[in-house]
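Asks:
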Ligand SMILES: Nc1ncnc2c1ncn2[C@@H]1O[C@H](COP(=O)(O)OP(=O)(O)O)[C@@H](O)[C@H]1O
Ligand SMILES: [Mg+2]
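Numbering (my numbering), first residue to last: -9 to 246.
Right, here's the structure in full:
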């Protein structure tokens, strides 16, 4: 589905080059869920921006279903790290926006929007504006909008970071269920190792900036997964320990 070939990205701050991503190679299969985890500021969002076609790589290629990505890729739904709801639209109108652009009639738009709004637990808040919502609610509205867009590939950048533990579990369950029903390919950036192992078929641990792949771990936990109970299995613990062992090196060298 997505073939990332020797991708690097360097930004320029005045005269100073900032290497954000260095030589990442990754092939993502159709319907695969890949989680990317790594220290803050290492280059994870930059990688997603390149997959979405928002940033051009400094070198290397991204091939999506056989064609080189050379501009915004509309086959992917992208939930960015910073929520980008339109401030002058209420929750319903924000969530329904992709359907409006697609020219879907109002009655159908509303019915479908209300259904995903219920899924993310925002029913009762349809008429609220973004500045009347908590950070976690805004994130859920963004998630609902992306789910409604229904792209074959979903890019999620720390989508559940602002949610409490219970809500996070509900959203994990929702994303797994919908990804499976809609046969979606998912690339998830997270700093939550528990979340990465719970959701993914494969977890990539990135180094500190510039991001390179430090460890690639297959997650062979059977599906469908029970997002709460899967974490209490010994297979889960072994995978978690292996990944943490590698991840902690990046954190230790960073600050402590
Ligand atoms: N548009 C940009 N212009 C300049 N520097 C950027 C830009 N986007 C990201 N960076 C820099 O690239 C590095 C990686 O950022 P980012 O990909 O956002 O990290 P992460 O998502 O892993 O926290 C950081 O040093 C950041 O300051
Ligand atoms: Mg980021």
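For every residue, glycine included, the Cβ atom is placed at its ideal position computed from N, Cα and C.
What is the rounded straight-line gap between the Cα of residue 174 and the Cα of residue 20?
Replies: 7 Å
Asks: Under the three-state reduction of DSSP, which class applies to residue 10: helix, strand or coil?
Replies: strand
Asks: Can we say the stretch 42 to 57 touches the stretch -8 to -1, given the rule of at least three CB pairs closer than 8 Å?
Replies: yes
Asks: So the candidates are 129, 25, 201, 236; which of them puts its Cα closest to the Cα of residue 0?
Replies: 201
Asks: Taking 7 Å as the cut-off, is the C-beta of residue 147 nearer than that to any heavy atom in ligand 2?
Replies: yes
Asks: Assign residue 114 to buried or exposed, taking buried as 16 or more other Cβ atoms, counted over all protein chains shown, within 10 Å of its Cβ.
Replies: exposed
Asks: For residue 249, which residues of its own chain have a beta-carbon under 8 Å away from its beta-carbon, when the five flanking residues on both sides are left out?
Replies: Because the chain here runs from -9 to 246, residue 249 falls outside it and cannot be looked at.
Asks: Got a sec, what are the start and stop residues for the beta strand (DSSP E) residue 143 sits in?
Replies: 143 to 147
Asks: Would you call the stretch 162 to 173 and the stretch 2 to 19 in contact, with 3 or more CB pairs under 8 Å?
Replies: no
Asks: Is it true that the CB of residue 177 sits closer than 8 Å to the CB of residue 44?
Replies: no
Asks: Alpha carbon to alpha carbon, how far is residue 97 from residue 203? Give it in angstroms, no decimals.
Replies: 47 Å
Asks: Quick check on the DSSP output: the beta strand (DSSP E) that includes residue 69 runs from which residue to which?
Replies: First-last of the beta strand (DSSP E) with residue 69: 66 to 69.
Asks: Let me know the beta strand (DSSP E) ranges lying completely inside the stretch 60 to 133, each 3 residues or longer, listed in chain order.
Replies: 66 to 69
Asks: When you measure from the CB of residue 3 to every non-hydrogen atom of ligand 2, does any distance come out below 7 Å?
Replies: no
Asks: Here's a check: name, in chain order, each residue in its chain whose Cβ is nearer than 6 Å to the Cβ of residue 134, leaving out the five neighbours to either side.
Replies: 85, 106, 107, 110
Asks: Between the beta-carbon of residue 66 and the beta-carbon of residue 42, is there less than 8 Å?
Replies: yes
Asks: Given a cut-off of 8 Å on the beta-carbon distance, is the pair residue 143 and residue 25 in contact?
Replies: no
Asks: Say yes only if the C-beta of residue -1 is nearer than 7 Å to one or more non-hydrogen atoms of ligand 2, and no if none qualify.
Replies: no
Asks: Buried or exposed for residue 188, going by 16 or more other Cβ atoms inside 10 Å?
Replies: Counting Cβ neighbours within 10 Å, residue 188 comes out buried, since at least 16 surround it.
Asks: Suppose the cutoff is 8 Å on Cβ atoms and the five residues either side in sequence are ignored; what does the same chain contact list for residue 62 look like?
Replies: 42, 43, 44
Asks: Can you tell me which of the three DSSP states residue 188 falls into?
Replies: helix
Asks: Along the beta strand (DSSP E) that carries residue 208, what are the first and last residues, could you check?
Replies: 203 to 208
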